[in-house]
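Peer 1: A single structure is presented below for examination.
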Amino acid sequence: MLAGPSEGTHIYSCWPERLVGSLQAALDFACWPPKQIHIERFAATLDENFKPEPFEALIESTCQTLHVPADRSLLDVLREHGFPLPSSCEMGVCGSCECGYRDGVALHRDSSLPLSKRQDRMMPCVSRARVSLTLAL
Ligand code: FES
Numbered sequence: 000m001l002a003g004p005s006e007g008t009h010i011y012s013c014w015p016e017r018l019v020g021s022l023q024a025a026l027d028f029a030c031w032p033p034k035q036i037h038i039e040r041f042a043a044t045l046d047e048n049f050k051p052e053p054f055e056a057l058i059e060s061t062c063q064t065l066h067v068p069a070d071r072s073l074l075d076v077l078r079e080h081g082f083p084l085p086s087s088c089e090m091g092v093c094g095s096c097e098c099g100y101r102d103g104v105a106l107h108r109d110s111s112l113p114l115s116k117r118q119d120r121m122m123p124c125v126s127r128a129r130v131s132l133t134l135a136l
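Sequential numbering of the sequence shown, starting at 0, is according to numbering that gives the first Met the number 0.
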């Protein structure tokens, strides 16, 4: 039933994480449109072995380069420099801080962004970058 998108069919899922993660991967692989997928998570699934590294965030509209230290989130640094992105959970779960990026390698650490959107969207409350990336802000 999940092998390919079916018009008018919506998929809803929540806990447990193994089910949600497997379902999301299968739906992304089968190219289901994100608007037909409704997944709710109640906790972050962060890798405890992840070691944050500093990186540079280039702001496309202003040509500013912001330094993001290893111990701060991109969301915090953006706010400090006058980019008031919305947020709620700040754990990579709710999706409210989503923003666009290009030219760089994002290190996705959230639990809400579907695979199909990860090439140019990210959650700056928990996600980071390898060396640098350009934000579509
Ligand atoms: S604030 Fe919830 S995903 Fe970033």
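Beta carbons are placed, not taken as given, at the ideal position from N, Cα and C, and that holds for glycine.
1. Over the uninterrupted alpha helix (DSSP H) stretch that includes residue 20, give me the two end residues.
2. What do you reckon, is the C-beta of residue 95 under 6 Å from a heavy atom of the ligand FES?
3. May I have the straight-line CA-CA distance separating residue 91 from residue 109, to the nearest angstrom?
4. How is residue 104 classed by DSSP in three states: helix, strand or coil?
5. Could you check where the beta strand (DSSP E) with residue 67 kicks off and where it finishes?
6. To the nearest angstrom, report how far apart residue 56 and residue 106 are at their CA atoms.
7. Would the beta-carbon of residue 124 be found less than 6 Å away from any heavy atom of the ligand FES?
8. What's the C-alpha gap between residue 122 and residue 96?
9. Please determine whether the Cβ atom of residue 89 lies at a distance below 6 Å from any heavy atom of the ligand NAP.
10. Is the beta carbon of residue 94 closer than 7 Å to that of residue 111?
11. Taking 8 Å as the limit between beta carbons, can you name the residues of its chain near residue 81, skipping five residues before and five after?
12. Give a yes or no on whether the C-beta atoms belonging to residue 103 and residue 131 are separated by under 7 Å.
Peer 2: So, from the data block:
1. Where residue 20 is concerned, the enclosing alpha helix (DSSP H) stretches over 16-28.
2. It does: the Cβ of residue 95 is within 6 Å (strictly closer) of some heavy atom of the ligand FES.
3. Inter-residue distance for residue 91 and residue 109 is about 4 Å (C-alpha atoms, whole angstroms).
4. DSSP places residue 104 in strand when its eight states are reduced to three.
5. Start and end: 64-67.
6. Residue 56 and residue 106 have their C-alpha atoms spaced approximately 13 Å apart.
7. Yes, the Cβ of residue 124 comes within 6 Å of a heavy atom of the ligand FES.
8. Roughly 6 Å between the two C-alpha positions.
9. The ligand NAP is absent from the structure shown, which contains only the ligand FES.
10. Remark: C-beta atoms of residue 111 and residue 94 approach each other more closely than 7 Å.
11. Closer than 8 Å at Cβ, skipping near neighbours: no residue.
12. When the beta-carbon positions are compared, residue 103 and residue 131 come within less than 7 Å of each other.
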